Structure formats: structure tokens, C-alpha cells
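To convert, note that position 52 of the sequence shown is 255 in the working numbering; the numbers rise steadily by one, no gaps. Just so you know, even glycine gets a beta-carbon here, dropped at the ideal spot from N, CA and C. Since this is a predicted model, take the numbers as computed values, not measurements. Each remark here refers to the structure printed beneath this line.
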Amino acid sequence: MSKEILIVLNRKRGSVKAQLTRIKDFINNPDEKDKIKLESKMDTLKSLRIKFSDIRNEYYEVVTNDSDLEPLELEILDLEDGCEDVQSSSMQKFAELSQLL
204 MSKEILIVLN
214 RKRGSVKAQL
224 TRIKDFINNP
234 DEKDKIKLES
244 KMDTLKSLRI
254 KFSDIRNEYY
264 EVVTNDSDLE
274 PLELEILDLE
284 DGCEDVQSSS
294 MQKFAELSQL
304 L
């Protein structure tokens, strides 16, 4: 397993995780009432799910030891669950904003 490639993958994962956190913070902010921004965040969320899948596949190509892969897989699954939670919250907020307008 190449350490350099693993470092790059960890950075990619961290970047996507940070994007997910920013979207979650936006959705949980009660002062945010911009429907267009919310739609944009929802689109970004869709692309994050694809990125998580891509990163997982890249890990499978690089990591040869199953015991090394398991914690990475669990973290990616947690992040994907976070995406689902954020998507559900964003759809609820979108419905609320639609009723206000």
C-alpha cells in the first residue's frame, strides 16, 4: 500500500466530510431562509454521495489488508449515513420554505 496515495485519499475524505459539515450547519441554521441556496446545497449533497462512493472504491484498490480497510469502511458508512440525515433534513426544510413563500 502506497502511503502517498493513502494520504491523498484521507485528504479527499476529509474535504468531503468538511463539505458535509458545512451543508449540515447551513440546514440547521434557523436564520437561513434562502430557497435557492438550499437547492444548491441539496445538489452539492448529491455530488458528495458520489464522491464517497468513489473514495471507497479507491480505498479498495489501494488497501490490501482487510483489517486496515474495515475502519475506513466504517467511517465512510457513517459519512454516508450523515448524508442521508442531511438530505432528509434539507427536504424537510425545503418543504417548510415552500410553505412560507
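Straight-line Cα distance separating residue j from residue i
{"i": "E299", "j": "L241", "result": "12 Å"}
{"i": "E276", "j": "V289", "result": "20 Å"}
{"i": "E287", "j": "Y263", "result": "23 Å"}
{"i": "D237", "j": "G217", "result": "27 Å"}
{"i": "I226", "j": "E273", "result": "27 Å"}
{"i": "S291", "j": "L280", "result": "17 Å"}
Residue i versus the options, residue with shortest Cα-Cα distance
{"i": "E283", "options": "S270, K244, R214, F255", "result": "F255"}
{"i": "I258", "options": "R214, K206, E207", "result": "R214"}
{"i": "L303", "options": "D246, V211, N268, E235", "result": "E235"}
Beta-carbon proximity of residue i to residue j, cut-off 8 Å
{"i": "V265", "j": "S205", "result": "yes"}
{"i": "L251", "j": "S293", "result": "no"}
{"i": "I230", "j": "K296", "result": "yes"}
{"i": "G285", "j": "L223", "result": "yes"}
Under the three-state DSSP convention, the category residue i falls into
{"i": "P233", "result": "coil"}
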